[in-house]
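Enquirer: Before anything else, here's the structure in question.
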Amino acid sequence: MSERPKVRILVVDDDADVRESLKLALKLEGYSVATARNGREALARGPVDILITDIFMPEADGFETIEAFRKIHPTTRVIVLSGGAPLIKTDYLAVARMIGVDVTLQKPIDPLELSRTILELMKDADRH
Amino acid sequence: MRPDESTLPPPPPPGGENASWEAAIPSSKREPMRLRSYLGFLVAAVILPVAIFGVTVGYILIEHDRETFRRGAEERTLAMITAIDAQLTSSIAILEALSTAHALDDGDLATFRDHAERVLVTQSEWININLALPSGQQVMDLRSPQGAVLPDISALDPQWRGALAPGSAFISDLIFRPASGQWDFAARVPVQRGGSVKYVLSALVKPQSIRELLEQQEIPTGWVAVVLDRSDRIVARTYEPEKSVGQVASQSLRDALAQSRSGWFRGTTIEGNAVYTPYRRSRQSDWVFAMGVPASVVDAVAWRGILLLAIGLTGSIALAVFLARLIGMRISRPIAALAASTEAIGKGEAVQIRESAPVAEIRTLEAALRTSVHAIGERARLLDLSHDAIFVRDLEDRVVYWNAGAEGLYGWSRDEALGQITHELLRTEHPEPLETILETVRAQGHWSGDLGHYRRDGTRIVVASRWALERDADGRPVRTLEINSDVTDRTRAEVSLKEADRAKDEFLATLGHELRNPLAALMNAAHVVKFAAPGGADAIKARSVVERQTRHMTRLIEDLLDLSRITLGKVTLKRKAFDLAGLAADVVRIWQPRSKVAQVLITLGAAHPAWIEADRGRLEQVLANLLDNALKFSKPRQRIVVTVQRDGAEAVLSVSDQGVGISPEAIGHIFEQFVQGEHGPERTKSGLGIGLALVKRLVQMHGGRVQARSAGVGLGASFLVRLPAIEPSSAQADSARIPAVPRPIGARRILLVEDNADAREMLRVMLSLGGHLVSEAADGSSGVAAAQGQHPDIALIDLGLPDIDGFEVARRIRANGTAPRIRLVALTGYGQEDDVRRALAAGFDLHLTKPVDPAMLKEVFSSLV
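Read top to bottom, the protein sequences are chains A and B.
One gets our numbering by counting positions in the first sequence from 1 and adding 3 to each.
One gets our numbering by counting positions in the second sequence from 1 and adding 19 to each.
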């Protein structure tokens with residue numbers, strides 16, 4: 004796994020078990036993983052390649068977090084993991100695209116599939 | 020309300036169907052006349068013909084009287100002239116007898132003179148007797164001596180020849196004798212011998228004789244009787260007889276005589292007095308008799324009649340007018356009273372109508388009105404039976420009618436509401452601009468819609484309102500009728516139905532979210548377990564995630580299923596008697612470790628024995644759900660207290676927190692399914708909103724009830740479960756005696772300010788194990804902030820801190836004063852005398868030297884608090 008680039012990932016989720024389990028899974032896939040409980044903590048962390056975030060969180064709304072984060076770190080690619088409240092899905096997906104979310108995935112997601120998505124995003128990033 | 024009533028037009032105004040007659044009668048353009056005037060006209064109409072008739076009859080009577088009078092006077096005149104003629108004729112008859120004397124046959128005048136003188140002596144009125152030849156030459160005169168030369172008779176009496184014709188005796192006019200200055204008149208007869216007139220024999224007569232005749236008649240005083248000769252000279256007169264003889268008669272009499280030989284006229288006497296005069300000229304002598312009746316005498320007759328007539332007419336008119344007024348008043352008074360009553364009825368005042376009018380028709384009217392008043396009263400009572408608010412507004416929006424329903428709905432009594440402006444009184448909220456509504460009402464005559472109103476007590480209600488415009492006979496708007504029914508509950512029900520629907524949708528959305536999160540964690544953990552080194556730290560962590568999340572999901576799903584099963588009635592309770600306090604102690608003990616994770620202190624407060632007969636498992640579930648709920652809405656370092664006590668026949672379990680609290684609007688719905696309070700500080704704790712619904716169902720199944728109390732948002736909340744209590748048997752009480760609850764009396768909130776992470780962690784673990792709630796700060800300034808923000812009971816502060824030292828931290832905490840009760844304990848590695856003194860001076864309560872012995876710490880804490 005050492006041939007893989009050490010991709011830096013920041014996982015933002017207010018649910019501790021979700022956050023920590025995802026961190027463990029991604030670390031097993033060879034990524035460098037940091038976590039944050041909310042938007043405020045996330046902004047305090049350093050630059051990363053991939054931001055994986057829940058969309059509904061306390062303290063700061065997921066959208067606000069993404070916008071603020073991208074402002075500081077414009078090259079960071081963003082993956083939204085949605086809890087999937089169906090009523091507002093259509094609305095927020097449109098909003099998510101608008102603010103520069105690269106991929107929207109729905110929980111639960113197989114970490115392998117998430118890893119594939121991350122790698123594709125990184126490939127795109129390399130091409131740029 | 021009957022269903023068909025909702026489609027009825029607005030009820031008729033008081034007066035009902037009778038109101039239509041107003042329109043049927045065209046209003047008179049003229050000003051109406053008063054009844055008294057009508058009666059006056061009636062009297063006039065009756066009296067006028069009578070008066071005309073009376074005047075006519077009076078006139079006829081007067082004329083009749085006058086005529087009678089006149090006729091009497093004329094008859095008297097006729098009698099008088101006849102009497103005068105008779106007097107004159109007697110003179111002629113004596114002369115005729117004398118004329119046959121034989122002495123005249125052969126012209127023996129001396130003999131004849133003797134004869135004549137003997138006759139003259141017998142006739143006292145006679146002055147003289149003379150004899151003349153047909154030529155006029157007098158041949159004998161008794162007043163002259165025999166043989167004297169006598170004058171021609173023609174010189175004295177130009178008319179004497181009237182006596183020349185055979186058989187034509189003749190009376191002369193008055194003749195003036197200049198010698199004596201006296202007036203007389205002559206009676207002349209022809210003396211016939213051998214078929215021819217040989218002499219004319221005359222007797223000269225004093226007018227005195229005629230006067231005496233007049234005086235024999237009893238002529239009333241003031242009256243004047245007069246005799247005229249052929250030339251209208253006065254022969255005799257009853258008034259001033261001496262002076263009058265020989266004078267010419269008055270002009271008016273002469274005029275009348277020129278017109279007719281007899282008659283009656285109104286004229287004047289010589290003296291100028293007004294008189295009525297009957298007169299007659301004799302056919303025999305051509306003399307005239309006339310009478311002057313003073314006009315006043317004749318007219319008095321007429322005047323008396325006219326006066327009587329006038330008095331009679333005036334009297335009867337006055338009587339009639341008086342009676343008309345009297346009767347008019349007796350009629351108009353009760354009518355006026357009825358009019359006043361009718362107006363009062365219109366105003367909705369209570370009216371008492373007595374049937375007391377003296378006129379049958381008006382009494383009938385009174386009776387009819389009384390019946391109407393009764394009927395109106397019945398209708399008003401009917402209106403009052405309605406629960407709907409019914410009121411009438413005038414054009415200025417002032418209340419003129421207000422039924423009992425309105426009193427009940429709004430809380431304003433009729434007396435209070437009358438005259439008030441409705442939209443001010445009720446603070447009306449219109450669904451569209453008032454002007455638009457008024458336009459609709461003007462155009463269509465009615466409007467309906469929902470209005471917001473405020474009752475007298477300030478509560479807001481929603482009413483379904485119907486307005487109808489009432490117009491007068493000319494189509495002008497006069498009033499607006501408004502009927503309002505309270506639909507507040509319905510509206511509220513609609514709102515809460517919508518709310519329930521929204522809550523259900525939100526629930527489904529939340530359910531998705533709540534299930535996806537554990538699944539995400541589980542999937543990640545599965546991946547870790549699959550690929551991480553078995554038994555390694557990661558694998559162990561992953562395993563604990565799996566355990567927690569499966570438990571969490573299980574709970575979630577169990578709650579859902581429970582709620583569903585309870586709703587469907589599939590849950591049966593396994594009841595047995597136990598002490599609720601014991602149950603509370605057990606559950607609190609189990610929950611305390613969990614609450615430490617959330618840094619919330621759960622304690623058991625007052626726990627008095629309260630026995631119930633219940634399904635213990637289900638009641639553990641109830642308390643667990645309440646604790647779960649309280650935790651969700653509590654912030655770190657807040658407390659949750661559980662108590663149990665008896666309250667009369669009830670065992671009361673309460674769970675109180677210091678969390679976000681419940682708004683007054685939400686408190687009524689808090690136990691409803693899918694309804695959640697304000698989202699808690701941690702999204703993950705928001706949950707499904709079924710916990711409390713489940714609590715309520717379970718408690719209800721036990722015959723109990725639930726209550727939620729909160730002073731408001733941010734002020735915490737209490738949840739009470741009230742269950743029917745039972746009296747425990749002694750055996751039960753003994754067997755159920757549970758170990759004493761280890762009440763965490765010594766539990767404190769402790770702030771650790773320590774820059775050394777290892778030392779801090781060691782102390783934290785040690786204190787937590789002691790049951791304390793521990794918060795941490797790595798430097799001085801965050802330590803000050805934590806002390807001020809979290810209000811710990813005790814702060815353990817290292818004196819050697821990187822930014823500001825412990826002394827300064829203590830000084831700042833004390834100076835700020837936001838935590839006055841805080842106990843400050845200094846920690847130092849040196850324990851020098853100087854440090855201890857400085858620490859106490861800086862505001863520390865105690866000074867400890869590292870390393871700190873746990874037993875000593877415990878002792879210090881109990882001494883401090």
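C-beta atoms are modelled at their ideal positions from N, C-alpha and C, and glycine is treated no differently.
Using only the alpha-carbon positions, how far apart do W40(B) and E489(B) sit?
Expert: Looking up residue 40(B) in the second sequence gives position 21. Looking up residue 489(B) in the second sequence gives position 470. With a pLDDT of 43 at W40(B), under the threshold of 50, the predicted position of this residue should be treated as unreliable, though the coordinate-derived value follows. Straight-line Cα distance between these residues: approximately 16 Å.
Enquirer: Does the distance from the CB of G286(B) to the CB of A293(B) come in under 9 Å?
Expert: On the second sequence, position 267 is the one that residue 286(B) refers to. On the second sequence, position 274 is the one that residue 293(B) refers to. Yes, the pair counts as a contact, with Cβ atoms nearer than the cut-off.
Enquirer: Would you decide whether D17(A) is buried or exposed? Buried here means 16 or more other CB atoms lie within 10 Å of its CB.
Expert: Position 14 of the first sequence, counted from the start, is the residue given in the question as residue 17(A). Its Cβ being crowded by 16 or more others within 10 Å, D17(A) is buried.
Enquirer: Determine, using beta-carbon pairs with one atom in the segment 440-452 of chain B and one in the segment 412-430 of chain B, whether at least three such pairs fall under 8 Å.
Expert: The answer is yes - the segment 412-430 of chain B touches the segment 440-452 of chain B, with three or more Cβ pairs under 8 Å.
Enquirer: Taking three-plus beta-carbon pairs below 8 Å as touching, is the segment 568-586 of chain B in contact with the segment 604-617 of chain B?
Expert: No: fewer than three Cβ pairs fall under 8 Å.
Enquirer: Cβ closer than 8 Å: which chain A residues qualify as neighbours of D557(B)?
Expert: Reading the second sequence from its first residue, position 538 is the one you call residue 557(B). Those within 8 Å of D557(B) in chain A are L27, K30 and L31.
Enquirer: Indicate the three-state DSSP secondary structure (helix, strand or coil) for T87(B) in the structure shown.
Expert: For this step, residue 87(B) is matched to residue 68 along the second sequence. T87(B) falls in the helix class under three-state DSSP.
Enquirer: May I ask whether a heavy atom of the ligand NAP can be found less than 8 Å away from the beta carbon of R574(B)?
Expert: The ligand content of the structure shown is nil, which means the ligand NAP is not present either.
Enquirer: Hey, quick one: how far does the beta strand (DSSP E) through D557(B) stretch, first residue to last?
Expert: To locate residue 557(B), count along the second sequence from 1; it is residue 538. From DSSP, D557(B) is part of no beta strand (DSSP E) but of the alpha helix (DSSP H) over A556 to L587.
Enquirer: At a Cβ threshold of 9 Å, is I112(A) touching chain B?
Expert: Position 109 of the first sequence holds residue 112(A). Cβ-Cβ to chain B under 9 Å: yes for I112(A).
Enquirer: Counting only Cβ pairs nearer than 7 Å, list the residues of chain A close to R567(B).
Expert: Within the second sequence, residue 567(B) is the residue found at index 548, counting from 1. By Cβ distance, chain A contributes D20.
Enquirer: Report yes or no: is there a C-beta of chain B within less than 9 Å of the C-beta of E44(A)?
Expert: As a working note, residue 44(A) is residue 41 in the first sequence. Not an interface residue.
Enquirer: Looking only at C-alpha atoms, which of A376(B), A408(B), A379(B) and I372(B) sits nearest to H393(B)?
Expert: For this step, residue 393(B) is matched to residue 374 along the second sequence. That would be I372(B), whose Cα lies nearest to the Cα of H393(B).
Enquirer: Can you tell which of L232(B), I113(B), P239(B) and R90(B) has its C-alpha closest to the C-alpha of S221(B)?
Expert: The residue labelled residue 221(B) in the question sits at position 202 within the second sequence. Checking every option, the nearest Cα to that of S221(B) belongs to I113(B).
Enquirer: Can you pull the DSSP bridge partners for S221(B)?
Expert: By one-based count along the second sequence, residue 221(B) stands at place 202. S221(B) pairs with N149(B) and R207(B).
Enquirer: Can you pull the chain B neighbours of S24(A), defined as C-beta to C-beta under 7 Å?
Expert: Position 21 of the first sequence holds residue 24(A). By Cβ distance, chain B contributes A540, N543, A544, V547, A561 and V564.
Enquirer: So E773(B) packs on D824(B), CB below 8 Å; how close in whole Å?
Expert: For the purposes of this step, residue 773(B) is taken as residue 754 along the second sequence, with counting starting at 1. For the purposes of this step, residue 824(B) is taken as residue 805 along the second sequence, with counting starting at 1. Actually they do not touch by this definition, with Cβ atoms about 13 Å apart.
Enquirer: Quick check on H791(B) - is its C-beta less than 9 Å from some C-beta in chain A?
Expert: As a working mapping, residue 791(B) is identified with position 772 in the second sequence. Cβ-Cβ to chain A under 9 Å: no for H791(B).
Enquirer: Under the three-state reduction of DSSP, which class applies to F189(B): helix, strand or coil?
Expert: One-based indexing of the second sequence puts residue 189(B) at position 170. Three-state result, F189(B): strand.
Enquirer: How many angstroms separate the CA atom of I75(A) from the CA atom of L54(A)?
Expert: Counted from its first residue, the first sequence places residue 75(A) at position 72. Counted from its first residue, the first sequence places residue 54(A) at position 51. Using only the alpha carbons, I get a separation of about 12 Å.
Enquirer: Apply the 10 Å Cβ neighbour rule to S301(B) and answer buried if 16 or more other Cβ atoms are within range, or exposed otherwise.
Expert: The sequence position of residue 301(B) within the second sequence is 282, counting from 1. Buried: at least 16 other Cβ atoms inside 10 Å.
Enquirer: Using only the alpha-carbon positions, how far apart do I194(B) and V254(B) sit?
Expert: For the purposes of this step, residue 194(B) is identified with residue 175 of the second sequence, where counting begins at 1. For the purposes of this step, residue 254(B) is identified with residue 235 of the second sequence, where counting begins at 1. Approximately 10 Å between the Cα atoms of the pair.
Enquirer: How is the beta strand (DSSP E) around E489(B) delimited, first residue to last?
Expert: Mapped onto the second sequence, residue 489(B) falls at position 470. From DSSP, the beta strand (DSSP E) with E489(B) extends over R479 to R490.
Enquirer: Establish whether the CB of L115(A) and some CB of chain B are separated by less than 9 Å.
Expert: Start at 1 with the first residue of the first sequence, and residue 115(A) comes out as number 112. Chain B contact via Cβ: present.
Enquirer: I'd like to know whether the C-beta of I121(A) is nearer than 9 Å to at least one C-beta of chain B.
Expert: Numbered from its first residue, the first sequence carries residue 121(A) at position 118. Not one chain B Cβ lies under 9 Å of I121(A).
Enquirer: Measuring only between beta-carbons, confirm whether L13(A) sits less than 9 Å from chain B.
Expert: Residue 13(A) sits at position 10 when you count from the first residue of the first sequence. Not an interface residue.
Enquirer: Tell me whether H406(B) is buried or exposed, calling it buried when 16 or more other Cβ atoms sit within 10 Å of its Cβ.
Expert: Position 387 of the second sequence, counted from the first residue, corresponds to residue 406(B). It is exposed - the Cβ of H406(B) has fewer than 16 other Cβ atoms within 10 Å.
Enquirer: DSSP beta-bridge partners for Y420(B)?
Expert: By 1-based counting over the second sequence, the position of residue 420(B) is 401. Y420(B) pairs with V411(B).
Enquirer: Would you list the one or two residues that DSSP bridges to P747(B)?
Expert: Counting from one through the second sequence, the residue named residue 747(B) turns up at place 728. BP columns for P747(B) are empty, so no partner.
Enquirer: Quick check on the DSSP output: what are the complete alpha helix (DSSP H) runs of length 4 or more inside the segment 125-149 of chain B, in order along the chain?
Expert: Runs of the alpha helix (DSSP H) inside the segment 125-149 of chain B: 128-141.
Enquirer: Give me the Cα-Cα distance between R48(A) and V106(A), rounded to the nearest whole angstrom.
Expert: Sequence index remark: in the first sequence, residue 48(A) carries index 45 (1-based). Sequence index remark: in the first sequence, residue 106(A) carries index 103 (1-based). Roughly 21 Å separates the two Cα atoms.
Enquirer: Please work out which residues of its chain come closer than 6 Å, Cβ to Cβ, to A617(B), disregarding the five sequence neighbours upstream and downstream, and give them in chain order.
Expert: Residue numbering aside, residue 617(B) sits at position 598 when the second sequence is read from its first letter. Same-chain partners within the cutoff: L650.
Enquirer: Please confirm whether R656(B) and L620(B) have their CB atoms less than 9 Å apart.
Expert: Numbered from 1 along the second sequence, position 637 holds the residue referred to as residue 656(B). Numbered from 1 along the second sequence, position 601 holds the residue referred to as residue 620(B). Contact: yes.
Enquirer: According to DSSP, is V106(A) helix, strand or coil?
Expert: Position 103 of the first sequence holds residue 106(A). If DSSP states are grouped into helix, strand and coil, V106(A) belongs with the strands.
Enquirer: Please list, in chain order, all residues of the same chain as R567(B) whose beta carbon is under 7 Å from its beta carbon, the five residues on each side excluded.
Expert: The residue you call residue 567(B) lines up with position 548 of the second sequence. So the list is empty, once near-sequence residues are dropped.
Enquirer: Tell me whether I381(B) sits in a helix, a strand or coil according to DSSP, three-state version.
Expert: Taking the first residue of the second sequence as 1, we reach residue 381(B) at position 362. Correct three-state label for I381(B): helix.
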